[in-house]
Each structure stands twice: as C-alpha cells, then as structure tokens.
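As structure tokens, the structure follows; a few thoughts come after it.
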Amino acid sequence: MRTSSSSARTSRTTATLSPRAACVTCSPGSPTPSTPAPPEPTGGDMSAFPTFPRGLTAPILTPFEDEGPVSHGRYVEHARRLLDGGCVALVPFGTTGEALSVGIDERTAALEALLDGGVDPSLLMPGTGLTNVPDTVHLTRHAVGAGCAATLVLPPFYLKDPSDQGLVDHLEAVIAGVDDDRLRIVLYHIPQVAGVGWPVDVARRLHEAHPDTVVGIKDSSGDWDNTAAFFGIDGLAVWPGFEGWLLDGLTAGGPGCISATANVNASAIAHVVTLHLADHHDEADVALGVARGWRAGLGEPLVPAMKRLLAQRLDDPPWANVRPPFEVAPA
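Below you can see the structure in the form of structure tokens.
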C-alpha cells in the first residue's frame with residue numbers, strides 16, 4: 170500500500186484529472202423542498218481550503234465485483250466519468266457510497282486506487298466518520314496524508330441522544346489524534362439516517378474553536394430552516410444535501426450541493442450551476458425543475474436504483490451489485 174509521504178503524492182501530480190464544468194451532489198431520501206427565501210450570505214467561506222471548487226459534488230457510488238470486493242477499475246472509471254461530466258469534486262464513502270457496509274482497509278485501498286488512477290486528491294472529500302475515535306482518526310489521517318481537500322465526518326452515531334459536550338469531545342479527540350495542520354473537516358449532518366446529527370450550536374462551537382480545521386458542513390437533514398441556521402454561522406461552508414436547494418444554497422453564498430443523483434444525472438444538475446453563475450436565473454430555475462423531476466422518477470431505495478440504472482446504461486451487470494442490508498434492484 171502507498172505511503173502518505175510527499176514523494177509518493179508528488180509522483181501522481183502529472184496524471185491528475187480536472188473537472189470540465191461546474192457541478193453539485195445530494196443524499197438518499199431527500200424530500201421535495203418548498204421555496205423559502207434564502208438566508209443572508211454569511212456562510213460559504215471557502216478560504217480554509219481554497220483549492221476545493223464551487224459547484225456540483227458527487228458522493229460517488231461504490232461498485233462491487235460479483236464476488237464481493239470493491240471493483241477498483243469501475244470505481245476509477247466512474248470517478249473519471251463524473252469529473253468529465255460536470256462534477257467539480259467527489260465524496261468517496263458517503264451514504265451513497267455504502268460507506269458503513271465497507272471495511273476500513275477496503276476504504277483506504279479504494280482511495281488509493283482513485284489516486285493511482287489519476288484522480289486529483291484536491292477534488293476529494295472522503296467520508297471518514299465512524300462510531301469510535303481510533304478508526305475515525307485512522308481513516309482521516311490516511312485521507313490527509315493522501316492530500317485530500319477535506320474529510321466528511323459523521324458524529325458518533327451508535328449511542329443515541331449524546332450531549333452537546335459529548336459530541337464536541339468526540340471531534341476534539343479526532344482532531345488531536347490526527348494532529349496535522351492540513352486537516353480540514355466538513356461535518357456530516359444526516360440525522361434521519363444516522364440517528365444522531367451535528368446540532369447547529371455544536372457546529373458553531375467547533376468552527377469557532379477550530380476555524381481553520383472545522384471548515385464546513387453537509388446538511389442532508391431535509392430541513393431548510395436547519396440548513397439556513399448553518400448558513401448563519403459566519404465563515405462555515407454549507408452544502409445542502411439535495412439538488413432541490415442548490416440555487417438557494419448558491420444564492421446564500423454556499424459552495425454548491427452534494428447530491429446522490431449526480432451519479433446518474435450530473436450534466437443536468439451541473440447545467441443549473443452554470444446558468445446561475447452566468448446570472449441566467451430564470452433559466453436556472455427551469456433547469457432545476459427538470460432535474461428535480463428526473464430524480465423523482467428514480468425510485469427507492471435510491472442507491473440500488475441508481476446502480477441498476479448504471480448497469481443498464483453501461484451494459485455492465487456487476488454495477489447493480491450492492492451490499493446488505495440493501496438488495497439488488499430488479500432489472
């Protein structure tokens with residue numbers, strides 16, 4: 170396995186991939202949004218990790234061989250496809266990537282495969298949050314050593330109803346354990362799946378205590394009022410976890426969105442960003458409506474449905490493979 174030395178990272182710099190267009194990402198089970206007024210643009214500061222681009226970020230699906238292992242070849246090909254298709258960045262091993270069904274060693278090996286395949290680590294935000302500090306430190310340290318822009322960190326989610334101080338103590342221990350000035354953490358708030366979230370007050374405390382380390386949050390709660398509250402934390406970058414709130418987030422000064430359906434509809438969602446940044450706001454509204462309607466037809470559970478769609482599009486049956494507790498979507 171590759172070490173995290175600077176020489177090993179430097180050897181890949183000539184083969185890195187860059188995105189061709191603006192793009193965004195999203196989370197399974199996100200609801201259809203209302204149309205609220207966006208908050209005042211106080212969040213969204215990207216200065217703590219300026220190389221991370223603004224636009225559509227994809228939480229990349231994890232392909233599996235028929236025998237069960239992660240399919241590194243398909244993983245690299247899909248990453249290239251997403252970056253070439255309009256996404257500006259990728260999140261390996263988020264909810265969409267079946268992260269909690271993939272072993273720690275499998276996750277580090279798959280990240281290595283992306284880097285060896287020429288994917289620029291400055292466009293990667295791997296999910297590294299687990300229920301205990303040592304394993305979270307291990308995955309996070311590996312991502313930092315690989316040169317990734319940031320890591321996406323869940324709260325400790327097994328023991329329910331933790332105190333605010335307990336959540337703060339957990340992340341403080343992770344930061345101390347990694348002990349690297351390059352560390353950039355984006356909190357991952359998805360309480361309807363994890364059972365535990367990052368409360369707004371906790372996110373504020375962590376960002377104020379570590380402004381150059383706790384730099385952002387992905388809010389997949391499906392609650393725009395909650396997302397707006399995160400935008401009220403000065404200097405915190407906020408990604409809505411659903412393309413339906415992409416324009417609201419961009420208007421509020423956010424970096425874009427992180428949306429699951431970028432895996433199968435990246436160009437259409439990325440086009441929304443392009444229109445918005447060109448000040449074609451009416452056209453952007455129409456394009457977003459089209460993207461939302463397309464998403465509604467995918468079916469649930471979303472991850473098996475998207476994998477089945479990719480298997481059909483690519484004429485590659487193993488793409489439909491999932492790990493329990495998911496079941497393979499019918500053809």
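Numbering (my numbering), first residue to last: 170 to 500.
No residue lacks a Cβ here, since even glycine has one placed at the ideal position from N, Cα and C.
Remember, it's a predicted structure, so these values are computed and weren't measured experimentally.
- 9 angstroms or more divides the Cβ of Ala248 from the Cβ of Ala431.
- Here DSSP, grouped into helix, strand and coil, assigns Trp367 to coil.
- Ile229 and Ala378 have their C-alpha atoms spaced approximately 31 angstroms apart.
- Annotation: the continuous alpha helix (DSSP H) that includes Trp393 extends over 393–400.
- From the listed residues Leu375, Val271, Gly391, the smallest Cα separation to Asp403 is found for Leu375.
- Contact annotation, Val433 with Ala456: C-beta distance approximately 16 angstroms; criterion of less than 8 angstroms not satisfied.
- Within the same chain, Glu452, Ala453, Ala456 come within 7 angstroms of Leu444 by CB-CB distance, once the 5 residues on both sides are set aside.
- Here the alpha carbon of Gly346 sits roughly 6 angstroms from the alpha carbon of Val306.
- Comparing C-alpha distances from Leu478 to each of Gly298, Ala500, Trp463 shows the shortest one belongs to Ala500.
- Put simply, of Ala421, Val497, Pro473, Tyr244 the residue whose alpha carbon is nearest the alpha carbon of Arg276 is Tyr244.
- Less than 9 angstroms divides the Cβ of Ile344 from the Cβ of Val383.
- Per the DSSP secondary-structure output, Val313 pairs with nothing in a beta bridge.
- Shortest Cα-Cα distance from Gly224 to any of Glu236, Pro232, Arg373, Gly254 involves Gly254.
- Every beta strand (DSSP E) of 3 residues or more that sits fully in the stretch 407–434 is shown, in chain order, as 425–427.
- In the displayed model, Lys329 falls within coil according to three-state DSSP, outside both helix and strand.
- Under the three-state reduction of DSSP output, Gly224 falls in the strand class.
- Here the alpha carbons of Asp448 and Asn301 stand approximately 45 angstroms from one another.
- In this structure, the straight-line span from the alpha carbon of Lys476 to that of Glu496 is close to 11 angstroms.
- Gly391 and Pro368 have their C-alpha atoms some 14 angstroms from each other.
- Assigned with DSSP and collapsed to three states, Ala282 falls in helix.
- For Lys329, the closest alpha carbon among the candidates Trp488, Gly364, Leu467 is that of Gly364.
- Take Trp463, set aside five residues on each side of it, and the residues of its chain with a beta-carbon closer than 6 angstroms to its own are Asn434, in chain order.
- Rounded to whole angstroms, the separation of the alpha carbons of Ile359 and Asp370 is 16 angstroms.
- In this structure, the CA atom of Pro238 is about 11 angstroms from the CA atom of Val491.
- In this structure, DSSP gives Leu269 a helical state, which the three-state scheme calls helix.
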